[in-house]
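Residues are numbered in this note's numbering as their position in the sequence shown, beginning at 1, plus a constant of 6. Ideal Cβ positions, reconstructed from N, Cα and C, are used throughout, including at glycine. Nothing here was measured: the structure is a model prediction, and the numbers come from that model.
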Amino acid sequence: MPTRSFNRSKRAQDASYSPGVLRNAPGYLPIKVFFACATLGLLAAVQGCATLSEEDCLTINWSVLGESDGRQGQPLSELNRYRRQCAEYDVVPDSEAYIEARERGLAVFCAPGNAYREGRSGARDQLVCPAALAPDFQRNHQLGREVFVSLSRLRSDATSIRSARSEIDELRTGIEDREESLREDGLTEARENQIRDEIDSMDRRIDDLQDIVVLTAGTLAVAIADYRRAVEAARSAGYNEPMESELIRELSQLVR
(Lines of atoms letter the chains of each structure in order from A; the text may use other names.)
(Lines give C-alpha, C1' and ligand atoms only; values in the text may rest on other atoms or scores of the structure.)
Protein backbone atom coordinates (compact mmCIF):
# COMPACT_ATOMS: atom_id res chain seq x y z
CA MET A 7 0.00 0.00 0.00
CA PRO A 8 1.57 3.35 -0.96
CA THR A 9 2.63 5.69 1.83
CA ARG A 10 0.51 8.80 2.13
CA SER A 11 2.53 11.94 1.47
CA PHE A 12 1.67 15.62 1.54
CA ASN A 13 3.01 18.77 -0.15
CA ARG A 14 3.21 21.70 2.18
CA SER A 15 3.78 25.14 0.69
CA LYS A 16 6.60 27.11 2.32
CA ARG A 17 5.85 30.56 3.55
CA ALA A 18 9.28 31.71 2.38
CA GLN A 19 8.18 30.97 -1.17
CA ASP A 20 5.30 33.40 -0.84
CA ALA A 21 6.52 36.83 -1.92
CA SER A 22 3.72 38.45 0.05
CA TYR A 23 4.80 36.85 3.33
CA SER A 24 6.15 39.27 5.92
CA PRO A 25 6.78 38.17 9.52
CA GLY A 26 6.28 41.67 10.83
CA VAL A 27 2.98 42.11 9.01
CA LEU A 28 1.76 38.69 10.17
CA ARG A 29 2.53 39.33 13.83
CA ASN A 30 0.67 42.62 13.72
CA ALA A 31 -2.38 41.18 11.98
CA PRO A 32 -5.66 41.02 13.94
CA GLY A 33 -6.16 37.66 15.66
CA TYR A 34 -2.53 36.60 15.15
CA LEU A 35 -1.35 33.71 17.33
CA PRO A 36 2.29 32.67 17.72
CA ILE A 37 2.81 29.46 15.76
CA LYS A 38 3.51 27.34 18.87
CA VAL A 39 0.31 28.54 20.52
CA PHE A 40 -1.65 27.92 17.34
CA PHE A 41 -0.52 24.30 17.03
CA ALA A 42 -1.05 23.67 20.76
CA CYS A 43 -4.64 24.89 20.47
CA ALA A 44 -5.19 22.91 17.31
CA THR A 45 -3.88 19.73 18.92
CA LEU A 46 -6.13 20.12 21.97
CA GLY A 47 -9.16 20.82 19.81
CA LEU A 48 -8.51 17.84 17.57
CA LEU A 49 -7.89 15.58 20.55
CA ALA A 50 -11.22 16.56 22.09
CA ALA A 51 -12.95 15.84 18.80
CA VAL A 52 -11.26 12.44 18.43
CA GLN A 53 -12.18 11.34 21.95
CA GLY A 54 -15.71 12.65 21.62
CA CYS A 55 -16.65 10.68 18.52
CA ALA A 56 -16.88 7.00 17.69
CA THR A 57 -15.20 7.21 14.29
CA LEU A 58 -12.01 9.00 13.27
CA SER A 59 -12.27 11.18 10.20
CA GLU A 60 -9.60 11.43 7.53
CA GLU A 61 -8.48 14.75 9.02
CA ASP A 62 -8.19 13.13 12.46
CA CYS A 63 -6.01 10.33 11.11
CA LEU A 64 -3.78 12.70 9.15
CA THR A 65 -3.19 15.29 11.84
CA ILE A 66 -3.50 13.61 15.23
CA ASN A 67 -0.48 13.57 17.50
CA TRP A 68 -0.33 9.90 18.50
CA SER A 69 1.83 10.62 21.51
CA VAL A 70 -0.60 13.20 22.85
CA LEU A 71 -3.55 10.91 22.19
CA GLY A 72 -1.81 7.97 23.84
CA GLU A 73 -1.07 9.90 27.02
CA SER A 74 -4.60 11.28 27.14
CA ASP A 75 -6.09 7.80 26.70
CA GLY A 76 -3.82 6.51 29.43
CA ARG A 77 -4.91 9.27 31.81
CA GLN A 78 -8.52 8.27 31.18
CA GLY A 79 -7.83 4.58 31.73
CA GLN A 80 -8.70 3.62 28.17
CA PRO A 81 -7.85 0.01 27.21
CA LEU A 82 -5.08 -0.71 24.72
CA SER A 83 -7.75 -1.98 22.34
CA GLU A 84 -8.44 1.69 21.52
CA LEU A 85 -5.27 1.63 19.42
CA ASN A 86 -6.68 -1.24 17.36
CA ARG A 87 -9.83 0.80 16.81
CA TYR A 88 -7.77 3.77 15.60
CA ARG A 89 -5.73 1.46 13.37
CA ARG A 90 -8.84 0.02 11.71
CA GLN A 91 -10.44 3.39 11.15
CA CYS A 92 -7.32 5.08 9.78
CA ALA A 93 -6.55 2.18 7.44
CA GLU A 94 -9.36 3.49 5.25
CA TYR A 95 -7.21 6.57 4.56
CA ASP A 96 -3.90 4.67 4.14
CA VAL A 97 -2.70 6.04 7.48
CA VAL A 98 -0.90 3.86 10.03
CA PRO A 99 -0.92 5.09 13.66
CA ASP A 100 2.46 5.55 15.33
CA SER A 101 1.94 2.61 17.68
CA GLU A 102 5.26 2.98 19.44
CA ALA A 103 4.65 6.64 20.29
CA TYR A 104 1.06 5.92 21.35
CA ILE A 105 1.94 2.99 23.62
CA GLU A 106 4.90 4.75 25.25
CA ALA A 107 2.79 7.84 25.95
CA ARG A 108 -0.15 5.74 27.15
CA GLU A 109 2.11 4.21 29.80
CA ARG A 110 2.89 7.72 31.08
CA GLY A 111 -0.81 8.48 31.18
CA LEU A 112 -1.59 5.24 33.02
CA ALA A 113 0.89 6.23 35.73
CA VAL A 114 -1.42 9.16 36.46
CA PHE A 115 -4.66 7.19 36.10
CA CYS A 116 -3.44 4.34 38.31
CA ALA A 117 -2.23 6.60 41.13
CA PRO A 118 -3.91 5.81 44.49
CA GLY A 119 -5.82 9.09 44.70
CA ASN A 120 -7.33 8.68 41.26
CA ALA A 121 -8.07 5.03 41.97
CA TYR A 122 -10.15 6.11 44.96
CA ARG A 123 -11.97 8.76 42.90
CA GLU A 124 -12.77 6.21 40.20
CA GLY A 125 -14.22 3.79 42.74
CA ARG A 126 -16.04 6.57 44.58
CA SER A 127 -17.73 7.64 41.33
CA GLY A 128 -19.04 4.10 40.82
CA ALA A 129 -16.73 3.26 37.91
CA ARG A 130 -15.64 -0.36 37.70
CA ASP A 131 -12.01 -1.42 37.59
CA GLN A 132 -11.25 -1.90 33.90
CA LEU A 133 -8.02 -3.80 34.71
CA VAL A 134 -5.81 -1.51 32.62
CA CYS A 135 -3.13 -0.76 35.21
CA PRO A 136 0.36 -2.27 34.80
CA ALA A 137 1.22 -5.15 37.13
CA ALA A 138 3.41 -2.93 39.31
CA LEU A 139 0.55 -0.45 39.91
CA ALA A 140 -2.46 -2.78 39.85
CA PRO A 141 -2.46 -3.90 43.54
CA ASP A 142 -2.46 -0.34 44.91
CA PHE A 143 -5.02 0.75 42.34
CA GLN A 144 -7.37 -2.11 43.19
CA ARG A 145 -7.04 -1.54 46.93
CA ASN A 146 -7.82 2.19 46.74
CA HIS A 147 -10.46 1.70 44.06
CA GLN A 148 -12.23 -0.79 46.32
CA LEU A 149 -12.19 1.68 49.23
CA GLY A 150 -13.94 4.27 47.09
CA ARG A 151 -16.36 1.80 45.55
CA GLU A 152 -17.49 0.50 48.95
CA VAL A 153 -18.41 4.04 49.96
CA PHE A 154 -20.25 4.51 46.66
CA VAL A 155 -22.19 1.24 46.91
CA SER A 156 -23.17 1.63 50.57
CA LEU A 157 -24.17 5.28 50.15
CA SER A 158 -26.15 4.47 47.00
CA ARG A 159 -28.05 1.85 48.96
CA LEU A 160 -28.91 4.34 51.70
CA ARG A 161 -30.12 6.87 49.16
CA SER A 162 -32.18 4.21 47.41
CA ASP A 163 -33.72 3.18 50.74
CA ALA A 164 -34.55 6.82 51.51
CA THR A 165 -36.20 7.23 48.12
CA SER A 166 -38.23 4.03 48.58
CA ILE A 167 -39.47 5.05 52.01
CA ARG A 168 -40.29 8.62 50.95
CA SER A 169 -42.17 7.34 47.90
CA ALA A 170 -44.08 4.75 49.93
CA ARG A 171 -45.07 7.21 52.65
CA SER A 172 -46.13 9.81 50.08
CA GLU A 173 -48.32 7.30 48.26
CA ILE A 174 -49.82 6.10 51.54
CA ASP A 175 -50.83 9.68 52.38
CA GLU A 176 -52.41 10.12 48.94
CA LEU A 177 -54.30 6.84 49.26
CA ARG A 178 -55.64 7.74 52.69
CA THR A 179 -56.87 11.05 51.32
CA GLY A 180 -58.52 9.15 48.46
CA ILE A 181 -60.21 6.80 50.89
CA GLU A 182 -61.58 9.73 52.92
CA ASP A 183 -62.97 11.31 49.74
CA ARG A 184 -64.69 8.07 48.73
CA GLU A 185 -66.10 7.49 52.19
CA GLU A 186 -67.56 10.98 51.98
CA SER A 187 -69.09 10.05 48.62
CA LEU A 188 -70.87 7.09 50.23
CA ARG A 189 -72.88 9.52 52.34
CA GLU A 190 -74.27 11.33 49.30
CA ASP A 191 -78.01 11.13 48.57
CA GLY A 192 -79.29 9.31 45.52
CA LEU A 193 -76.29 6.96 45.28
CA THR A 194 -77.12 3.91 43.18
CA GLU A 195 -76.24 0.43 44.40
CA ALA A 196 -73.87 -0.08 41.47
CA ARG A 197 -72.04 3.16 42.23
CA GLU A 198 -71.87 2.31 45.94
CA ASN A 199 -70.35 -1.09 45.17
CA GLN A 200 -67.83 0.54 42.84
CA ILE A 201 -66.75 3.00 45.52
CA ARG A 202 -66.40 0.26 48.14
CA ASP A 203 -64.27 -1.78 45.73
CA GLU A 204 -62.03 1.24 45.19
CA ILE A 205 -61.65 1.67 48.95
CA ASP A 206 -60.76 -2.00 49.38
CA SER A 207 -58.19 -1.76 46.59
CA MET A 208 -56.64 1.31 48.22
CA ASP A 209 -56.51 -0.43 51.59
CA ARG A 210 -54.66 -3.37 50.06
CA ARG A 211 -52.20 -1.04 48.38
CA ILE A 212 -51.57 0.71 51.69
CA ASP A 213 -50.82 -2.66 53.31
CA ASP A 214 -48.30 -3.44 50.55
CA LEU A 215 -46.59 -0.07 50.94
CA GLN A 216 -46.41 -0.43 54.69
CA ASP A 217 -44.73 -3.81 54.19
CA ILE A 218 -42.13 -2.09 52.01
CA VAL A 219 -41.42 0.44 54.75
CA VAL A 220 -41.16 -2.29 57.39
CA LEU A 221 -38.82 -4.43 55.26
CA THR A 222 -36.62 -1.46 54.41
CA ALA A 223 -36.49 -0.43 58.06
CA GLY A 224 -35.52 -3.99 59.01
CA THR A 225 -32.36 -3.88 56.89
CA LEU A 226 -31.60 -0.22 57.45
CA ALA A 227 -29.45 -0.73 60.55
CA VAL A 228 -27.16 -3.06 58.62
CA ALA A 229 -27.02 -0.67 55.65
CA ILE A 230 -26.07 2.26 57.89
CA ALA A 231 -23.40 0.18 59.63
CA ASP A 232 -21.93 -0.86 56.25
CA TYR A 233 -21.80 2.75 55.15
CA ARG A 234 -20.14 3.91 58.38
CA ARG A 235 -17.50 1.19 58.07
CA ALA A 236 -16.79 2.16 54.46
CA VAL A 237 -16.34 5.82 55.37
CA GLU A 238 -14.09 5.01 58.33
CA ALA A 239 -11.94 2.72 56.15
CA ALA A 240 -11.55 5.49 53.58
CA ARG A 241 -10.63 8.00 56.27
CA SER A 242 -8.10 5.60 57.79
CA ALA A 243 -6.45 5.39 54.37
CA GLY A 244 -6.10 9.17 54.32
CA TYR A 245 -9.14 10.17 52.25
CA ASN A 246 -11.24 13.11 53.41
CA GLU A 247 -14.55 11.32 53.00
CA PRO A 248 -17.50 13.18 54.57
CA MET A 249 -20.15 11.33 56.54
CA GLU A 250 -23.70 11.85 55.24
CA SER A 251 -25.04 12.38 58.75
CA GLU A 252 -28.11 14.31 57.59
CA LEU A 253 -29.18 11.41 55.36
CA ILE A 254 -28.78 8.98 58.24
CA ARG A 255 -30.90 11.19 60.51
CA GLU A 256 -33.57 11.48 57.82
CA LEU A 257 -33.70 7.71 57.38
CA SER A 258 -34.00 7.21 61.12
CA GLN A 259 -36.99 9.58 61.18
CA LEU A 260 -38.63 8.05 58.12
CA VAL A 261 -38.84 4.58 59.62
CA ARG A 262 -40.36 5.69 62.90
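**Message:** Given this structure, state the Cα-to-Cα distance separating Ile254 from Asn86, to the nearest angstrom.
**Reply:** As a working mapping, residue 254 is identified with position 248 in the sequence shown. As a working mapping, residue 86 is identified with position 80 in the sequence shown. Going from the Cα of Ile254 to the Cα of Asn86 covers about 48 Å.
**Asked** So, Leu177 versus Met208, is the Cβ gap smaller than 7 Å?
**Response** Translated into the one-based positions of the sequence shown, residue 177 becomes position 171. Translated into the one-based positions of the sequence shown, residue 208 becomes position 202. Yes, they are a contact pair.
**Prompt:** Smallest Cα separation from Tyr104: which of Gln80, Ala138, Glu124?
**Reply:** Taking the first residue of the sequence shown as 1, we reach residue 104 at position 98. Measuring C-alpha to C-alpha distances from Tyr104 to each of Gln80, Ala138, Glu124 identifies Gln80 as the nearest.
**Integer Cβ distance of Ala227 from Asp163, believed to fall under 8 Å** = Here residue 227 refers to the residue found at position 221 when the sequence shown is read from its first residue. Here residue 163 refers to the residue found at position 157 when the sequence shown is read from its first residue. Contact flag wrong, Cβ pair sits at about 11 Å.
**Message:** Under DSSP, the alpha helix (DSSP H) around Asp75 begins and ends at which residues?
**Reply:** Reading the sequence shown from its first residue, position 69 is the one you call residue 75. If you look at Asp75, you'll find it in the alpha helix (DSSP H) that goes 68-77.
**Prompt:** Going straight from the alpha carbon of Glu247 to that of Gln216, what length do you get?
**Reply:** By one-based count along the sequence shown, residue 247 stands at place 241. By one-based count along the sequence shown, residue 216 stands at place 210. In a straight line, the C-alpha of Glu247 is about 34 Å away from that of Gln216.
**Asked** Cβ atoms of Gly76 and Leu112: under 7 Å apart, would you say?
**Response** Taking the first residue of the sequence shown as position 1, residue 112 is located at position 106. Taking the first residue of the sequence shown as position 1, residue 76 is located at position 70. Between Leu112 and Gly76, the gap from beta carbon to beta carbon is short of 7 Å.
**Three-way DSSP call (helix, strand, coil) for Val155 in this model** = Here residue 155 refers to the residue found at position 149 of the sequence shown. Val155: helix per DSSP, three-state reduction.
**Message:** Please return the same chain residues whose Cβ sits closer than 8 Å to the Cβ of Asn146, not counting the five positions on each side in sequence.
**Reply:** Reading the sequence shown from its first residue, position 140 is the one you call residue 146. If we look at Asn146 and ignore the five residues flanking it on each side, its Cβ neighbours are Pro118, Gly119, Ala121, Tyr122, Gly125, Ala243.
**Request:** Using 10 angstroms around the beta-carbon of Gly263, count the other beta-carbons present and answer buried if the total reaches 16, otherwise exposed.
**Result:** The structure shown does not extend to residue 263, since the chain is modelled only from 7 to 262, so the question has no answer here.
**Item:** Of the listed residues Asp206, Glu73, Leu257, Tyr245, nearest to Glu106 (C-alpha basis)
**Value:** For the purposes of this step, residue 106 is taken as residue 100 along the sequence shown, with counting starting at 1. It is Glu73 whose Cα lies nearest to the Cα of Glu106.
**Item:** Gln144 versus Leu193, Asp131, Thr194, residue with shortest Cα-Cα distance
**Value:** Numbered from 1 along the sequence shown, position 138 holds the residue referred to as residue 144. Scanning Leu193, Asp131, Thr194 for the CA closest to the CA of Gln144 turns up Asp131.
**Asked** Whose CA, out of Glu61, Thr179, Leu260, Ser59, lies closest to the CA of Ser169?
**Response** As a position in the sequence shown, residue 169 is number 163, starting the count at 1. Ranked by how close their Cα comes to the Cα of Ser169, the residues Glu61, Thr179, Leu260, Ser59 have Leu260 in first place.
**Asked** Smallest Cα separation from Leu188: which of Val237, Arg202, Asp175?
**Response** Translated into positions along the sequence shown, residue 188 becomes position 182. If we check each option's Cα against that of Leu188, Arg202 comes out closest.
**Asked** Distance, Cα to Cα, Phe115 vs Ala140?
**Response** Walking along the sequence shown from the start, residue 115 turns up at place 109. Walking along the sequence shown from the start, residue 140 turns up at place 134. The straight-line gap separating the alpha-carbon atoms of Phe115 and Ala140 is approximately 11 Å.
**Request:** Can you say whether Ala236 is buried or exposed, counting buried as having 16 or more other CB atoms within 10 angstroms of its CB?
**Result:** Your numbering for residue 236 matches position 230 in the sequence shown. Of the residues assessed, Ala236 falls on the buried side of the cut-off, its CB having 16 or more other CB atoms within 10 angstroms.
**Limits of the alpha helix (DSSP H) - the one that Ser207 falls within** = As a first step, residue 207 must be located in the sequence shown, where it is residue number 201. Unbroken alpha helix (DSSP H) run through Ser207: 195-242.
**Message:** Can you look up Ala138 in the DSSP assignment and give me helix, strand or coil?
**Reply:** The count along the sequence shown starts at 1 and reaches residue 138 at position 132. DSSP places Ala138 in the coil class of the three-state scheme, outside both helix and strand.
**Request:** Determine, using beta carbons only, whether Ile205 and Ile181 come nearer to each other than 7 Å.
**Result:** Position 199 of the sequence shown, counting from 1, holds the residue named residue 205. Position 175 of the sequence shown, counting from 1, holds the residue named residue 181. Yes. Within cutoff.
**Prompt:** Taking the Cβ atom as the reference point for each residue, do Ser258 and Thr222 lie within a distance shorter than 7 Å?
**Reply:** Taking the first residue of the sequence shown as position 1, residue 258 is located at position 252. Taking the first residue of the sequence shown as position 1, residue 222 is located at position 216. At least 7 Å separates the beta-carbon of Ser258 from that of Thr222.
**Prompt:** Alpha carbon to alpha carbon, how far is Tyr233 from Arg262?
**Reply:** By 1-based counting over the sequence shown, the position of residue 233 is 227. By 1-based counting over the sequence shown, the position of residue 262 is 256. If you take the alpha carbons of Tyr233 and Arg262, they lie about 20 Å apart.
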